Structure formats: C-alpha cells, structure tokens
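A short worksheet on the structure shown next.
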Amino acid sequence: MNDLKNLIVSRDDAVATIQLNRPKAMNALNIEIMTELVDVLEELDQDVDIRAFVLTGNERAFAAGADIKEMADATAVEMLMRDQFARWDRIRKIKKPIIAAVSGFALGGGCELVMHADIIIASETAKFGQPEILLGVMPGAGGTQRLTRAVGKTLAMEMILTGRQITAEEALRAGLVNKVVPVEFYLEEAQRMAREIAAQPPIAVRLAKEAILRSFDTTIEMGLEFERKNFYLLFASEDMREGMKAFIDKRKAEWKGK
Ligand code: HXC
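Per the numbering used here, the very first residue in the sequence shown carries number 646; after that it's consecutive.
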C-alpha cells in the first residue's frame, strides 16, 4: 500500500477513505488504477480496525470512465485476455460497506464504479452518465444491469442509448443516489455516514450487506431463506447478546465485533 501511484488512502479511526488520484486524466480508470484500487480494498477488507470505506475522486471528477486511450487500439481478443472485469467482480465481493462520495463527472466505468458502492452521496455538481454509445460501444462493467435496477428501464434506456448525463438532482429523484449535498460537504457527509455505520456491530453490518446484495441475484424465496440464515447466525454473536442486553439495561451497547 506504500507505493500507490494513483490513489490516496487515509484512515480516520474505523473509516478508510480512498481517493482516486489521476486528476490530469479525470481519474480515467486504467488498468493500473483499478489494480491498485482492488488490492487496497481487499487488503483493508481484511483489516479488523477498518469498518467502512469512502471512495471518492476530486471536485471535478469522480471518474470519467475507463481509460479510452488504453482501449482505443485493443482487439476483441486483447480485451478478452485482459480480463479486466475480473477486478470489478472482486469489488463486488468486498464485505465492508463502501460509500461513494461523488462530485463532478461519474461517466461510463466511473458511473459503474459508483454503482458498485453500497451508498452514494453526491455533490450538487455531480453528473452521472453512461456515454459509451458515443464511442461506439456500450457499458461493460455492469451499467446495463445496475443502472436499470437503480433507475428503472426507461431512464436506463435513455441514458445508455443516447449517452445523456443526468444531474445530481435527477439522480436523486430516480433513486440512483442517497443524498445530494453542497459541493463543500459531499466528502464530509460520506465520511459522517461511514462513521455512523462503523459504529454499528460489524458482524451484523456484514451479514446485512451480504443479504441485501443477494437480493439482486436470487428469487424472493431464496433471498428470504438467505436472510433468515444470516439472522439466525447473528444469535451466535456476542454483539447480539450485548445489543439486546444493553437495550434492556438502558445503556449504550459496546460492540466487540465477535
Ligand atoms: C482517457 C480521459 C478520459 C477517459 C477524460 N480524459 N476522460 N482520458 N479516458 N475516459 C482526459 C482527456 O483526454 C484530457 O486529457 C483530460 O482527461 C481532460 O479532459 P477534457 O476532455 O479536456 O476535459 P473537459 O473538456 O472538461 O471534459 C470532461 C469530460 C470529457 C466531459 C469528462 O473528458 C469526456 O467526455 N470524457 C470521456 C467520457 C467517456 O466517454 N467515458 C466513457 C469511457 S468508456 P488530455 O491529455 O487530452 O489533456 C467506458 C467503458 C467502461 O467507461 C467499460 C468498463 C470498464
């Protein structure tokens, strides 16, 4: 983690903030930055002292997409052999909550990366879009699936088939983002929410996140079954005993993460 070229990672108690840092290229997501990002997320996912992530860019751009210069000359077979989406699948498997703090452009792979997060805080200046069609391609890191689930078929069709970007306010109305805040506060607000989540019992947070994500891959019947198993599993945790006992004793619970 010491020799990161494209990321700035900071820790504040149990919250790790990861900033995409290729400002001259609008944080375009080349192979190097994605490799660093996935490695850092996986390393910190194993770190018991970290309980939530904030993923951000800069005021002008969260990320303007996959690096077009890296793809422009690639053949289909080269793209296949790069297997870049394997890295994105690894982000999907991160167990701790990820909060995206978005300002400026979140386009193409940038918008898809945002949608890999669990919670999205947008600044008033944020712009979300899947402009791949304008380059002769289409979303490849989940945009057709995740955007459709987030905003519904008709808006997803419009955005993906015309390349139109939507504003933060429109993204809020469409259900893509949790909150829109003035640009001075978007990062602070994401970190505040991350701290709030980091203060909850971590095993319950982990199993709840897992169950919510499962809802995208399964039938309601199997999803409910999965939820129930996770719910029962929490009765094996010390934190569950502590949480309920603290309620009855009228005191604040002290979580051990056990
Ligand atoms: C490589 C990029 C880039 C990108 C911006 N830059 N986006 N480089 N890949 N996706 C570079 C520019 O080439 C330029 O470098 C510098 O960043 C500043 O960008 P400008 O265009 O000069 O800035 P501005 O006029 O403010 O316009 C900002 C912008 C525009 C609207 C974000 O850059 C833009 O439209 N970018 C491309 C957005 C896009 O199509 N994204 C989808 C990519 S495909 P130089 O060296 O010229 O100064 C995709 C597929 C996903 O994401 C598949 C899964 C991973």
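Where a beta carbon is used, it is the ideal one built from N, C-alpha and C, also for glycine. Computed from a predicted model, the values in this text were never measured in an experiment.
CA-to-CA distance, residue j to residue i, given in whole angstroms
| i | j | result |
| --- | --- | --- |
| Glu829 | Ala661 | 20 Å |
| Arg737 | Arg696 | 16 Å |
| Met671 | Ile713 | 11 Å |
| Leu674 | Thr793 | 22 Å |
| Gly916 | Phe876 | Since the first residue shown for the chain is 646 and the last is 903, residue 916 is missing from the structure and cannot be characterised. |
| Gly797 | Met889 | 39 Å |
| Leu878 | Lys897 | 23 Å |
| Leu700 | Ile865 | 30 Å |
| Pro742 | Ala717 | 34 Å |
| Gly788 | Glu777 | 10 Å |
| Glu883 | Met679 | 37 Å |
Presumed contact (8 Å Cβ cut-off) between residue i and residue j, rounded CB distance
| i | j | result |
| --- | --- | --- |
| Asp763 | Lys854 | 6 Å |
| Ala767 | Val747 | 5 Å |
| Ala786 | Trp733 | 5 Å |
Distance CB(residue i)-CB(residue j) smaller than 7 Å
| i | j | result |
| --- | --- | --- |
| Val822 | Ile765 | yes |
| Glu681 | Leu652 | yes |
| Ala706 | Gly749 | yes |
| Ile744 | Ala839 | yes |
| Ala773 | Ala835 | Note on residue identity: the sequence assigns Phe, not Ala, to residue 773. No. |
| Gln775 | Met804 | yes |
| Arg735 | Val693 | no |
| Ala659 | Ala843 | yes |
Proximal residues to residue i (C-beta, below 6 Å), its chain only, five neighbours per side dropped
| i | result |
| --- | --- |
| Gly702 | Leu665, Asn672 and Ala708 |
| Leu686 | Ile739 |
| Gly902 | Pro847 |
| Lys669 | none |
| Arg791 | Met760 |
Spatial neighbours of residue i in its chain, beta-carbon cut-off 8 Å, leaving aside the 5 residues before and after
| i | result |
| --- | --- |
| Glu814 | Glu769 and Val825 |
| Lys874 | none |
Cβ-based neighbour list, residue i, same chain, cut-off 7 Å, excluding 5 preceding and 5 following
| i | result |
| --- | --- |
| Glu715 | Asn675 and Ile676 |
| Gly820 | Ala795 and Val796 |
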